[in-house]
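S.K.: Next up is a structure, given as structure tokens.
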Amino acid sequence: MKHRFFAKTTKQQFAIQCKIVAFAMLCNIILGVMFFLLDVSFLVILSFSITLSIIAPFIDVPSGVKSGSLHYYSPLLIGETVKNGILTLHSGTLFDYYYVLDKNTTKSERKKQIYRAYIQGLINLIEEYQKTCPNAIKIKATSYIINARTAQKIGMQPVTPSFLQRIILYYNYFNLLCSLSLLNAKLSFPNLGKLGAFEGDLDELINRKQYLIVLKNRL
Numbered sequence: 001m002k003h004r005f006f007a008k009t010t011k012q013q014f015a016i017q018c019k020i021v022a023f024a025m026l027c028n029i030i031l032g033v034m035f036f037l038l039d040v041s042f043l044v045i046l047s048f049s050i051t052l053s054i055i056a057p058f059i060d061v062p063s064g065v066k067s068g069s070l071h072y073y074s075p076l077l078i079g080e081t082v083k084n085g086i087l088t089l090h091s092g093t094l095f096d097y098y099y100v101l102d103k104n105t106t107k108s109e110r111k112k113q114i115y116r117a118y119i120q121g122l123i124n125l126i127e128e129y130q131k132t133c134p135n136a137i138k139i140k141a142t143s144y145i146i147n148a149r150t151a152q153k154i155g156m157q158p159v160t161p162s163f164l165q166r167i168i169l170y171y172n173y174f175n176l177l178c179s180l181s182l183l184n185a186k187l188s189f190p191n192l193g194k195l196g197a198f199e200g201d202l203d204e205l206i207n208r209k210q211y212l213i214v215l216k217n218r219l
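Note that the sequence shown covers residues 1 to 219 in the working numbering.
Take a look at the structure:
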């Protein structure tokens with residue numbers, strides 16, 4: 001499984017980002033004029049916010065990778081730089097879904113792609129840190145795909161999403177809507193109650209490496 005965006009040259013990546021920004025600006029200008037003529041100018045802010053939330057990962061994620069603040073453990077599992085002993089993991093964004101998932105496969109096959117990428121990412125993370133055990137590092141993660149039962153099997157415990165996490169989730173609602181629609185190949189509205197927030201010790205995750213390998217081989 002490869003990330004097609006990062007397989008492109010730097011020049012090609014920049015050109016894609018410019019096209020995305022230009023298209024978003026054009027859409028907002030057209031909508032802005034329409035809203036103004038309909039005397040509902042307040043919708044301009046809403047339109048801009050939605051557009052920004054959708055295109056943001058296409059700009060922010062590559063920039064984060066370039067600066068070193070983000071690291072891909074697999075094409076669909078991203079980690080932030082460790083801060084204050086905490087490693088924050090993120091599942092793939094709309095940007096990743098677009099450039100990683102095979103659009104010619106079935107819905108169930110795409111879901112398997114995602115699960116395999118998550119598990120392989122965790123295995124890669126383990127292999128990066130297992131030589132330095134013990135590690136005083138905590139892992140924090142949020143996911144719309146992984147459920148509490150699966151998380152507990154890999155040493156993670158479900159926690160209540162923080163207020164900030166919920167605010168970010170609500171802001172990214174349309175981004176998540178696009179991601180799920182891409183996954184399911186049809187318009188799919190997300191159930192925000194399915195968001196899972198998990199925490200655990202890195203060493204506990206390392207201890208579950210063999211389980212993860214077995215789980216990956218089953219998919």
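Think of the CB as a built atom: it goes at the ideal place given N, C-alpha and C, for glycine as much as any other residue.
(1) Please list the terminal residues of the continuous alpha helix (DSSP H) segment that includes K112.
(2) In the DSSP assignment, what residue or residues form a beta bridge with S91?
(3) Tell me where the beta strand (DSSP E) around V159 begins and ends.
(4) Mind the definition here: the region 138-147 touches the region 24-31 only if three or more C-beta pairs lie below 8 Å; say whether that holds.
(5) For H3 versus V82, is the C-beta distance shorter than 8 Å?
(6) Start and end of the beta strand (DSSP E) containing A141?
(7) Output the distance between the C-alpha atoms of L38 and F48, rounded to the nearest integer angstrom.
(8) Hey, quick one: how far does the alpha helix (DSSP H) through D203 stretch, first residue to last?
(9) Assign A24 to one of three DSSP states: helix, strand, or coil.
(10) By how many angstroms is the C-alpha of V65 removed from the C-alpha of T276?
(11) Compare the beta carbon distance of I114 and I145 with 8 Å and say whether it is the shorter of the two.
(12) Which residues in the same chain have their Cβ closer than 6 Å to the Cβ of F58, if we skip the five residues on either side of it in sequence?
(13) Within 10 angstroms of its Cβ, does P134 collect 16 or more other Cβ (buried), or is it exposed?
(14) Given this structure, state the Cα-to-Cα distance separating F36 from L46, to the nearest angstrom.
(15) Alpha carbon to alpha carbon, how far is L212 from T150?
(16) Touching or not, the region 104-112 and the region 182-195, by the rule of three or more beta carbon pairs under 8 Å?
(17) Beta-carbon within less than 6 Å of Q120's beta-carbon, same chain only, minus the 5 sequence neighbours each way: which residues are those?
(18) Measuring CA to CA, which of L215, L205, Q152 and I55 is closest to C18?
(19) I'd like the span of the alpha helix (DSSP H) that includes N184, first residue to last.
(20) Using C-beta distances below 7 Å, list every residue in its chain close to Y98, excluding the 5 sequence neighbours before and after it, in chain order.
(21) For the alpha helix (DSSP H) holding T150, just list the boundary residues, first then last.
M.R.: So, from the listed chains and residues:
(1) Unbroken alpha helix (DSSP H) run through K112: K107 to Y129.
(2) L77
(3) Secondary structure note for V159: its beta strand (DSSP E) is the uninterrupted segment Q157 to V159.
(4) no
(5) No.
(6) In the DSSP annotation of this structure, the continuous segment of the beta strand (DSSP E) that includes A141 starts and ends at K138 to S143.
(7) 17 Å
(8) L202 to N207
(9) helix
(10) Nothing about residue 276 can be read from this structure; the chain reaches only from 1 to 219.
(11) yes
(12) I20 and F95
(13) exposed
(14) 13 Å
(15) So the two alpha carbons sit approximately 10 Å from each other.
(16) yes
(17) In the same chain as Q120, and ignoring 5 residues on each side of it, the C-beta atoms closer than 6 Å to its own belong to S74, in chain order.
(18) I55
(19) N184 -> alpha helix (DSSP H) spans Y173 to N184.
(20) L182
(21) A148 to K153
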